[in-house]
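Below you'll find the structure, written out as structure tokens, and then a few comments.
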Amino acid sequence: MVSFVRFEAGTDRSDCPHPDVLELLETKGHYIDKLVSKSVDVFTTDDAPEMDIVFTVCDHAANEECPSWHGFPMNAHWGLPNPISNNRSAVEAQQDIEQVYDLLVARIQAFAALPLDQIDGSTLQQHLDGLGRKSSS
4 MVSFVRFEAG TDRSDCPHPD VLELLETKGH YIDKLVSKSV DVFTTDDAPE
54 MDIVFTVCDH AANEECPSWH GFPMNAHWGL PNPISNNRSA VEAQQDIEQV
104 YDLLVARIQA FAALPLDQID GSTLQQHLDG LGRKSSS
């Protein structure tokens, strides 16, 4: 059985996670008490955890220079639009947050269902890239 340990960070760090995102996560049954906003820089230090796969999800991350990760993990870009925008109404922002959440859930479930102990690295990379194009429909 394969187990997962997840880490998260962003390139555009804010003081705290967005309240509307936290509200949706809590509504969906996620534990949110210890969620904090942090920069990807925390994963570039000598004592950073070694990761096997790094997923980037922001819509512009494919054009950003990502840091060098310890252990040279596989990378997959699952670009999604940023649902938090000052140009959106509260209703539109909430709909966008829910849509991004649904897309991520679909991709993560598909990833977790892969037979990771039975496929080689090249095949895994193809699956990861394909999942980045997966829609929630």
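Numbering-wise, this note's numbering comes out as the position in the sequence shown, counting from 1, plus 3. We put the beta carbon where it would ideally sit given N, CA and C, even for glycine.
Judged by DSSP secondary structure, residue 130 falls within the alpha helix (DSSP H) whose first and last residues are 124 to 134. Around the beta carbon of residue 48, fewer than 16 other beta carbons lie within 10 angstroms, which makes this residue exposed. By the neighbour-count criterion, in which a residue is buried when 16 or more other Cβ atoms sit within 10 angstroms of its Cβ, residue 103 is buried. Across the set 36, 81 and 12, the C-alpha of 12 shows the shortest separation from the C-alpha of residue 45. Annotation: residue 37 to residue 17 spans about 15 Å, alpha carbon to alpha carbon.
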